[in-house]
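Numbering (my numbering), first residue to last: 45 to 341.
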């Protein structure tokens, strides 16, 4: 397990004490205070007490062990694709998706002073989302475990020319000088987060909002297996908004799929589609049904 730098650890200790003292309001996230996941937690539930965790597994364990009620995890970015390997983490976690949140992503360049910057430290996703800007300004990327953690690291470092790419408010949080904002390569930079809990969302709890259901499945090793597995969604008019494959067990022979559909179990068309999917697959695991934060077309 890694550790936070001194500037971040001081903030972590206070946030951890507050969240663990009130588990029902606790909302675990991966990263240092001020990270995009911290922002997402506060936007998703302004009454929550965000709990910083060094790794995604730590955030999941905090919920699974009952230390806090929920976790919020980034799963995909509009520019850089998959963020966290939720495909691997969630099916074995015993947790359920109970919500989602979309966060516009903005980055600022910050350092101890306004001197020339030669190296910028941040999470690899942030570096990828600002790749063109960094190249244009001849700044070398330096990978770190998360964005705000990089800001804290820079605050505690005396390296000349080192800066951090992090959410702009992290500069004030860690006493850094903000060189500017808008380093991301596209204005439509957006990250999707999912909220996890020990128990699934109760039927009827999400009144008035369209529902989405997420699941993973493994197809049988027969010709046209995926075509047969997905046929029920087409014939029953169920909109599948995401389908992504991933390998399991270090083998190219076993392929699983992660999928989002519009609708929920209990709806006749969804039940028929899932029944056909279950018949055509080796395994099917429902990960959660929850209100859509953004309506899909």
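Idealized CB from N, CA, C, for every residue including glycine.
Where does residue i fall in DSSP's three states?
i           : result
residue 58  : helix
residue 67  : helix
residue 144 : strand
residue 81  : helix
residue 282 : coil
residue 248 : coil
residue 338 : coil
residue 51  : helix
residue 115 : strand
residue 92  : coil
residue 230 : coil
residue 158 : coil
residue 87  : helix
Specify, as a first and last residue, the run of the alpha helix (DSSP H) that residue i falls within.
i           : result
residue 206 : Looking at the DSSP string, residue 206 is not in any alpha helix (DSSP H); the run it does join, the beta strand (DSSP E), is 206–210.
residue 271 : 269–279
residue 130 : 130–133
residue 155 : Residue 155 -> not in any alpha helix (DSSP H); beta strand (DSSP E) instead, spanning 152–155.
residue 101 : 100–108
residue 213 : 213–217
residue 175 : 175–180
residue 166 : Here residue 166 belongs to no alpha helix (DSSP H); instead the beta strand (DSSP E) covers 163–167.
What are the residues that DSSP puts in a beta bridge with residue i?
i           : result
residue 300 : 262 and 290
residue 126 : 120
residue 236 : 120 and 146
residue 74  : 97
residue 139 : DSSP, once it has assigned bridges, lists no residue as partnering residue 139.
residue 330 : 259
residue 306 : 256
residue 184 : 163
residue 241 : 114 and 140
Can you tell me where the beta strand (DSSP E) with residue i in it begins and where it stops?
i           : result
residue 189 : Neither: residue 189 is in no beta strand (DSSP E) and is coded neither H nor E.
residue 321 : Here residue 321 belongs to no beta strand (DSSP E); instead the alpha helix (DSSP H) covers 312–324.
residue 224 : 221–225
Do residue j and residue i count as a contact pair if the criterion is CB distance below 8 Å?
i           : j           : result
residue 123 : residue 192 : no
residue 200 : residue 51  : yes
residue 348 : residue 241 : The displayed coordinates of the chain run from 45 to 341. Any statement about residue 348 would go beyond what the structure contains.
residue 151 : residue 94  : no
residue 141 : residue 74  : no
residue 164 : residue 220 : no
residue 336 : residue 253 : yes
residue 223 : residue 153 : yes
residue 137 : residue 104 : yes
residue 72  : residue 97  : yes
residue 166 : residue 196 : no
residue 282 : residue 306 : yes
residue 144 : residue 239 : yes
residue 312 : residue 301 : no
residue 258 : residue 332 : yes
residue 168 : residue 187 : yes
residue 135 : residue 299 : no
residue 243 : residue 173 : no
I need the straight-line Cα distance from residue i to residue j, nearest angstrom please.
i           : j           : result
residue 286 : residue 235 : 15 Å
residue 68  : residue 161 : 43 Å
residue 77  : residue 179 : 28 Å
residue 115 : residue 139 : 10 Å
residue 314 : residue 233 : 32 Å
residue 319 : residue 339 : 25 Å
residue 109 : residue 49  : 26 Å
residue 55  : residue 121 : 27 Å
residue 310 : residue 157 : 58 Å
residue 256 : residue 63  : 29 Å
residue 279 : residue 322 : 15 Å
residue 129 : residue 263 : 20 Å
residue 324 : residue 303 : 15 Å
residue 91  : residue 85  : 10 Å
residue 83  : residue 131 : 23 Å
residue 70  : residue 245 : 17 Å
residue 205 : residue 189 : 20 Å
residue 111 : residue 148 : 29 Å
residue 276 : residue 284 : 11 Å
residue 146 : residue 87  : 9 Å
residue 60  : residue 207 : 27 Å
residue 273 : residue 265 : 12 Å
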